[in-house]
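For the sequence shown, the residue numbers in the working numbering are 106 to 292.
Note that CB positions come from ideal geometry on N, CA and C, so glycine has one too.
Here is the structure we will look at, set down as structure tokens.
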Amino acid sequence: MEEAIFYKEWLPLPKAEFNVLAMIAEQGGSFTGNYADMCRYLGVTPQNRNNTALRNAIESLIAQGFISCERHGRTNHLTVIPKATEIRLPRRWVQSVIQHDYSSEAVAFAPVLKVFIWIAHNDLSVVTNGMIAEDLNVSVSTVVSAKNVLEREYENITKRKISEKIGNDVFRNLGQELTAGAWWTEI
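What follows is the structure, given as structure tokens:
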């Protein structure tokens, strides 16, 4: 099974930067193309605003040591610089997450990947959506939407509410136990 390699250090990065890294990871660790190629891959129109956002994201990733870039005219050759915590995901599953239609939930592919990776590599027994959101640099509502996609559409996480009894018929919600499945449904 072909794998896409992600790194835990990518998770708190802003959306545009994570999108570039996910694109490179899905392509086997390197990507060659111009900004229009990248826009089409990410499902956005190749216009000046999107090209500028990609250029800024790439420059930021280079400055932070996440990628290297060789430029030949308008063509960029982007290569991931490995980090400490490697995470391997099935490439076909990553492709399906990137290409999936998320009209059922108001969420993009990046938070879905981030939330899955966070859940799969978390060792806390009870977590809250706020904890996940803070670690991933996204909103709580984005975490909820991403978890819904992972649970309902991919069937690769399970959630169990954890609460404690604080009185007669009174319970306090502590959070939830989240488990990432070893197998996922391909859509």
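Self-check item: Cut-off 7 Å between Cβ atoms - residues of its own chain near V212, not counting five sequence neighbours on either side
Solution: Within the sequence shown, residue 212 is the residue found at index 107, counting from 1. The residues T247, S250, A251, V254, in chain order, have a CB closer than 7 Å to that of V212 in the same chain once the five nearest residues on each side in sequence are set aside.
Practice problem: Report buried or exposed for K219, applying the criterion of at least 16 other Cβ atoms within 10 angstroms of its Cβ. | Solution: As a working note, residue 219 is residue 114 in the sequence shown. A residue is called buried when at least 16 other Cβ atoms come within 10 angstroms of its Cβ; K219 meets this threshold and is buried.
Quiz prompt | Per-residue burial, L159 [other beta carbons within 10 Å of its own, 16 or more giving buried] | solution = Taking the sequence shown and counting its residues from 1, the one referred to as residue 159 is at position 54. Buried, by the Cβ-count rule.
Quiz item: Quick one: Cα of V202 to Cα of M143, how far?
Solution: For this step, residue 202 is matched to residue 97 along the sequence shown. For this step, residue 143 is matched to residue 38 along the sequence shown. Here the C-alpha atom of V202 lies approximately 17 Å from the C-alpha atom of M143.
Quiz item: So the beta strand (DSSP E) F111 belongs to, where does it begin and stop?
Solution: Translated into positions along the sequence shown, residue 111 becomes position 6. Unbroken beta strand (DSSP E) run through F111: 108–112.
Self-check item: Closest by C-alpha distance to L294, when choosing among I110, N153, I186
Solution: Residue 294 is absent from the model: the chain starts at 106 and stops at 292.
Quiz item: How many whole angstroms separate the CB atoms of I193 and I110, which I take to be in contact at a CB cut-off of 8 Å?
Solution: Within the sequence shown, residue 193 is the residue found at index 88, counting from 1. Within the sequence shown, residue 110 is the residue found at index 5, counting from 1. Just to set this straight, residue 193 is Arg in the shown sequence, not Ile. So it is a contact: roughly 6 Å between Cβ atoms.
Practice problem: May I have the straight-line CA-CA distance separating E256 from L118, to the nearest angstrom? | Solution: Here residue 256 refers to the residue found at position 151 of the sequence shown. Here residue 118 refers to the residue found at position 13 of the sequence shown. E256 and L118: Cα-Cα distance of roughly 24 Å.
Exercise. Round the Cβ separation of I262 and T284 to the nearest angstrom and send it over; I've been treating them as touching at under 8 Å.
Key: Indexing the sequence shown from 1 puts residue 262 at position 157. Indexing the sequence shown from 1 puts residue 284 at position 179. That pair is a contact at about 7 Å.
Self-check item: Pairwise C-alpha distance: R277 and I271
Solution: Position 166 of the sequence shown, counted from the start, is the residue given in the question as residue 271. Position 172 of the sequence shown, counted from the start, is the residue given in the question as residue 277. Linking I271 to R277 through their CA atoms gives a straight-line distance of about 7 Å.
Quiz prompt | Residue span of the beta strand (DSSP E) that contains I267, given as start and end | solution = The residue you call residue 267 lines up with position 162 of the sequence shown. First-last of the beta strand (DSSP E) with I267: 262–272.
Practice problem: Identify, in the order they occur along the chain, each residue of the same chain with its Cβ nearer than 8 Å to the Cβ of V125, setting aside the five sequence neighbours on each side. | Solution: For the purposes of this step, residue 125 is identified with residue 20 of the sequence shown, where counting begins at 1. These residues qualify, in order along the chain: M143, L159, A162, I163, L166, I172, L183.
Exercise. Going by CA-CA distance only, name the one from A168, N153, T233, R196 that's closest to I129.
Key: Numbered from its first residue, the sequence shown carries residue 129 at position 24. Of A168, N153, T233, R196, the residue nearest in Cα terms is R196.
Quiz item: Of all the alpha helix (DSSP H) runs that stay within the bounds of the region 142–224, which reach a length of 4 or more residues?
Solution: Entirely contained in the region 142–224, the alpha helix (DSSP H) runs reaching 4 residues are, in chain order, 153–168, 196–204.
Quiz prompt | Residue(s) in a DSSP beta bridge with N278 | solution = Within the sequence shown, numbered from 1, the residue matching residue 278 stands at position 173. Answer by DSSP bridge pairing, in chain order: S268.
Quiz item: What span of residues does the beta strand (DSSP E) with G138 cover, start to end?
Solution: Counting from 1 along the sequence shown, the entry for residue 138 is found at position 33. Counting along the chain, the beta strand (DSSP E) containing G138 begins and ends at 135–138.
Quiz item: In whole angstroms, what is the alpha-carbon distance linking Q169 and G148?
Solution: Residue numbering aside, residue 169 sits at position 64 when the sequence shown is read from its first letter. Residue numbering aside, residue 148 sits at position 43 when the sequence shown is read from its first letter. Rounded to whole angstroms, Q169 to G148 spans 25 Å at the Cα level.
Practice problem: Enumerate in chain order the residues of its own chain whose CB-to-CB distance from E108 is below 7 Å, with the five nearest sequence positions on each side excluded. | Solution: Here residue 108 refers to the residue found at position 3 when the sequence shown is read from its first residue. Answer for E108: R193, L194, P195, R196, listed in chain order.
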